[in-house]
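Peer 1:
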Amino acid sequence: MVGMKSRCHFENCRTWAYFNLPGSQRGMFCARHKSEGMVDVVNRLCAAEGCSKHPNFNHQDQTMAIFCSQHKEPGMVNVNIRDRQCAMPDCSKYPSCNFPGSADGLYCGKHKHPGMVNVTSRHCAAPGCIRQPNFHHAGNSRGLFCCEHKQEGMVNVVSKPCEHEGCNKQPSFNLPDSTQGLFCATHRQPGMVNVKQKRCVHEGCNNRPSFNHPGENSGVFCSAHKEEGMVDVRNRHCEEPNCIKCPSFNYPGQKPGIFCGQHKRPGMMDVKHKRGRGNVANATLGPPVEDNPVFPGTVNEQALAASVVAAMGNMDQATLLNVLGQPDLLAQALAAAAQGAALPAGGPTDAGMTQLQVANSLEAARLAVLAEADAEEASTLVLAEHKDARLVPATLSTVMAAAQLGAPVSLLVSGHGLDTVVSSARSIQDVGQVLVADDASLAHSLPEPAAALLAELQRRRGFTHVLAPSSSFGRDVLPRAAALLGAQPASDAVAVVDADTIVRPFYAGNAMQTVRFAADGPRMFTIRPTAFPAAAGDGGAAAPVEAVSTEELSAAQAWHGDGARSVWVGEEMSRSERPDLGAAKVVVAGGRGLKSADNFRLLDSIAAMLGGAIGASRAAVDAGFVPNDLQVGQTGKVVAPDLYIAVGISGAIQHLAGMKDSKCIVAINTDADAPIFQVADYGLVADLFVALPELEAALRQLKEKA
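The numbering of the sequence shown is this note's numbering, which starts it at 161 and goes up by one.
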């Protein structure tokens with residue numbers, strides 16, 4: 161029998177009550193306020209005897225759940241999430257993973273793509289960390305920090321710890337017939353096995369299974385008990401047809417390995433194992449296949465080193481690298497090698513190398529050196545945004561994103577009268593150089609001259625990456641610079657996958673797009689500041705400062721010259737005592753529930769006492785309650801304050817995309833089922849016209865006491 165539903169009896173709590181003592185039919189308390197020993201008496205319970213958990217599992221063709229995850233039978237699936245399943249075909253698991261910035265999961269943990277994170281669970285309280293929080297001080301039931309950022313004395317309060325006294329590690333080991341771990345690997349007892357990992361189906365075998373028939377995704381047997389025709393389906397295989405060896409070889413700079421040592425292609429090297437860098441001897445030769453037209457035989461690395469030195473006449477390293485980088489000089493060296501010149505005893509000939517192999521060895525070495533030289537020449541230019549002689553915080557987040565590219569970072573500061581800004585820019589962590597363009601033509605941050613300067617610096621100095629904050633200034637400048645250079649820019653990057661790949665939201669934030677840039681031009685994109693933590697403003701030694709040359713400034717001005725479409729006329733600024741919405745630590749936002757522009761003033765005093773900024777939903781802006789510069793959301797400003805108070809906002813997906821990264825979210829709404837409560841840390845189901853005056857009075861009282 162299903163119990164009756166009512167509101168929680170805890171004072172001022174309006175959440176539905178599901179919990180009471182076993183045997184009751186009416187709920188008394190919600191999950192948050194339930195007492196010890198209470199169970200869910202409203203919803204159906206798992207059919208397993210003595211289990212009080214909520215059932216989610218049944219067979220595929222059934223619609224009503226009968227078992228919980230612990231007691232589900234083989235072949236059962238979660239039938240309560242039929243409309244929310246992993247996007248991988250034939251997978252019925254709940255989708256919890258997507259790219260950072262998404263509100264809904266797209267894939268389950270098993271099938272998630274590289275760069276995806278769990279977007280349905282709470283995140284670690286450390287700034288910029290998107291890991292699941294499991295650690296808090298003993299006695300708390302909700303995690304606050306992840307393992308990496310946990311504070312001293314914190315323990316895992318989410319997962320059950322190892323039963324060994326004083327051990328807080330997660331337990332994975334128990335007797336073979338058990339399903340729940342009791343001890344960690346350190347304290348496991350004799351005869352215990354890892355019960356959280358899948359085990360070989362061979363009777364009595366507790367090894368991890370990796371083998372199955374080709375085409376399957378999950379292993380069923382271990383290597384000792386695999387059946388005839390089975391292959392390793394858990395680990396990657398060489399891409400050569402019918403080869404099941406582990407791949408370690410790929411072209412320089414590429415990961416992971418795609419071919420094994422036997423089937424590697426010309427110019428490939430071992431990218432899996434650690435190797436020396438900067439030595440020509442580390443270039444890897446082609447496969448030992450006799451009919452290979454480029455590499456007709458096997459040559460080891462020692463012979464390669466000998467062949468290079470011998471054929472080049474024992475040149476010093478600088479001259480050697482110079483020759484390897486110039487085709488004409490290389491042709492002369494290859495001709496000498498073909499005639500057998502400068503090949504002393506103990507060199508390639510004695511090692512069993514033919515003259516053609518010597519030539520091919522030199523070519524492989526040249527390609528490897530050039531590939532490494534290309535990697536070393538990568539560099540990033542970041543456009544700094546400043547206001548009132550101070551760097552805008554979004555600049556620090558852009559620097560942090562640039563640092564993830566793994567190349568030296570140069571910070572461009574442009575404008576007029578920049579001494580204070582340059583002094584701040586020099587001390588930013590990860591900034592290797594500050595470029596200063598101090599000129600009267602750049603004084604007012606007009607997009608045309610700034611874009612021309614950015615394009616000219618990239619053209620002359622060869623920056624491989626050009627980044628700017630995804631602000632009004634950055635979105636004005638970077639696309640113009642890209643157009644001047646003939647490059648294709650991208651906007652609103654929320655994750656950097658590698659030097660050529662980023663992730664950005666599209667379809668109004670409802671989906672995430674992976675963008676890979678072409679290799680024949682600069683990678684230019686703007687950074688969503690809330691997606692990256694800010695770089696430290698006092699990162700240690702001051703970075704060197706270089707002034708942009710007069711020649712570079714003149715060339716930049718020539719890009720637009722007399723054809724400039726915009727000129728500086730003047731500005732009228734409305735001064736506000738409140739902080740800027742994009743940088744505020746506290747944001748008090750109102751929605752259409754406030755009903756009028758006059759009622760928006762109810763937020764003013766609360767924002768003033770908290771030292772915060774005023775924000776609004778798109779519905780409030782479209783209704784004319786407030787100007788559009790206060791709009792928070794996908795088509796407005798993206799914010800991530802320490803405290804976000806949403807008043808009368810239902811929580812449309814476009815609004816959530818603009819504030820879901822806030823550290824603490826408080827929601828006030830009369831609708832208990834409003835989507836805003838799904839992301840809120842604290843929710844109040846109440847009439848805002850009653851709650852706001854009470855909140856103001858309470859804040860005023862606290863302020864007077866302080």
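Yeah, the Cβ is synthetic: ideal placement off N, Cα and C, and Gly gets one too.
Write down the C-beta distance between P801 and G288 rounded to the nearest angstrom, noting that I regard them as a contact closer than 8 Å.
Peer 2: Between G288 and P801 the Cβ distance is about 14 Å, and since that is not below 8 Å, they are no contact.
Peer 1: By Cβ distance, which residues of its chain are closer than 7 Å to G275, with the 5 residues on each side in sequence left out?
Peer 2: The residues are F259, A655, V657 and V663.
Peer 1: Output needed for G818: all residues of its chain with C-beta closer than 7 Å, excluding positions within five of it in sequence on either side, in chain order.
Peer 2: Result list for G818: V792, G793, Q794, G796, K797, V798 and V799, in chain order.
Peer 1: Could you check which residue in A207, R394 and A866 has the C-alpha nearest to that of S370?
Peer 2: The residue with the shortest Cα to Cα distance from S370 is R394.
Peer 1: Would you mind reading off the limits of the alpha helix (DSSP H) that contains E864?
Peer 2: L848 to K865 is the extent of the alpha helix (DSSP H) around E864.
Peer 1: Give the straight-line distance between the Cα atoms of V552 and T690, rounded to the nearest whole angstrom.
Peer 2: Approximately 13 Å between the Cα atoms of the pair.
Peer 1: Any idea what DSSP makes of S166, helix, strand or coil?
Peer 2: If DSSP states are grouped into helix, strand and coil, S166 belongs with the strands.
Peer 1: Considering just the uninterrupted stretch of the beta strand (DSSP E) at R425, what are its terminal residues?
Peer 2: R425 -> no beta strand (DSSP E), and no H or E assigned at all.
Peer 1: Check this for me: beta carbons of C306 and C284, under 8 Å apart or not?
Peer 2: Yes, the pair counts as a contact, with Cβ atoms nearer than the cut-off.
Peer 1: Have a look at L884 and D660 and give me their C-alpha separation to the nearest angstrom.
Peer 2: The question about residue 884 has no answer here: the residues shown for the chain are numbered 161 through 866.
Peer 1: Go ahead and pull the three-state DSSP assignment for P609.
Peer 2: Residue state, collapsed to three classes: helix.
Peer 1: Can you have a look at Y178 and say buried or exposed, based on whether 16 or more other CB atoms are within 10 angstroms of its CB?
Peer 2: Buried, since its Cβ has 16 or more Cβ neighbours within 10 Å.
Peer 1: To the nearest angstrom, report how far apart A505 and H397 are at their CA atoms.
Peer 2: Bear in mind that the predicted position of A505 carries a pLDDT of just 34, short of 50, making it too unreliable to give a figure here.
Peer 1: Identify, in the order they occur along the chain, each residue of the same chain with its Cβ nearer than 8 Å to the Cβ of P607, setting aside the five sequence neighbours on each side.
Peer 2: Excluding sequence neighbours, P607 sits near F633, D636, V637, R640 and S726.
Peer 1: When we look at the beta-carbon of K424 and count the other beta-carbons within 10 Å, is it buried (16 or more) or exposed?
Peer 2: By the 10 Å Cβ count, K424 comes out buried.
Peer 1: Could you round the C-beta distance between L741 and V748 to whole angstroms and report it? I think they count as a contact, below 8 Å.
Peer 2: Wrong, their Cβ atoms sit about 11 Å apart, outside the cutoff.
Peer 1: Can you tell me whether DSSP reads M684 as helix, strand or coil?
Peer 2: DSSP places M684 in strand when its eight states are reduced to three.
Peer 1: What is the DSSP secondary structure of V826, reduced to helix, strand or coil?
Peer 2: Reduced to three states, the DSSP call for V826 is strand.
Peer 1: Helix, strand or coil for E732? Go by DSSP, reduced to three states.
Peer 2: Note: E732 maps to coil in three-state DSSP.
Peer 1: Taking S570 and G592 to be in contact with their CB atoms under 8 Å, please state how far apart those CB atoms are, rounded to whole angstroms.
Peer 2: 7 Å between Cβ atoms; contact.
Peer 1: Buried or exposed, going by whether 16 or more other CB atoms sit within 10 Å of the CB of H297?
Peer 2: Result: exposed.
Peer 1: If you drop the 5 nearest sequence neighbours on each side, which residues of the same chain put their C-beta closer than 7 Å to that of N316?
Peer 2: So the qualifying residues of the chain are N294, F295, N328 and Q330.
Peer 1: Taking its Cβ as the centre, do 16 or more other Cβ atoms sit within 10 Å of A779, making it buried, or is it exposed?
Peer 2: With 16 or more other Cβ atoms within 10 Å, it is buried.
Peer 1: Please work out which residues of its chain come closer than 6 Å, Cβ to Cβ, to A642, disregarding the five sequence neighbours upstream and downstream, and give them in chain order.
Peer 2: The residues are P649 and M684.
Peer 1: With a Cβ-Cβ cutoff of 8 Å, do F381 and V353 count as a contact?
Peer 2: In this structure, V353 does not lie closer than 8 Å to F381 by Cβ.
Peer 1: Please report the residue range of the beta strand (DSSP E) in which T795 lies.
Peer 2: Careful: T795 lies outside any beta strand (DSSP E) and carries neither H nor E.
Peer 1: What do you reckon, are the CB atoms on M198 and F217 nearer than 8 Å?
Peer 2: Their beta carbons are not under 8 Å apart, which means M198 does not touch F217 by this criterion.
Peer 1: What does a CB cutoff of less than 7 Å around M428 pick up in its chain, not counting 5 residues either side in sequence?
Peer 2: Counting only Cβ-Cβ distances below 7 Å, and skipping sequence neighbours, we find F409, N410, Y411, F419 and T444.
Peer 1: From G771 to I226, what distance separates their C-alpha atoms?
Peer 2: Using only the alpha carbons, I get a separation of about 52 Å.
Peer 1: Could you tell me the distance, in whole angstroms, from the CA atom of Q357 to the CA atom of R368?
Peer 2: Approximately 7 Å, taken between the alpha carbons.
Peer 1: For the beta strand (DSSP E) containing L595, name the first residue and the last one.
Peer 2: Unbroken beta strand (DSSP E) run through L595: Q593 to D598.
Peer 1: Between the C-alpha atoms of C403 and T624, what's the straight-line distance to the nearest angstrom?
Peer 2: So the two alpha carbons sit approximately 38 Å from each other.
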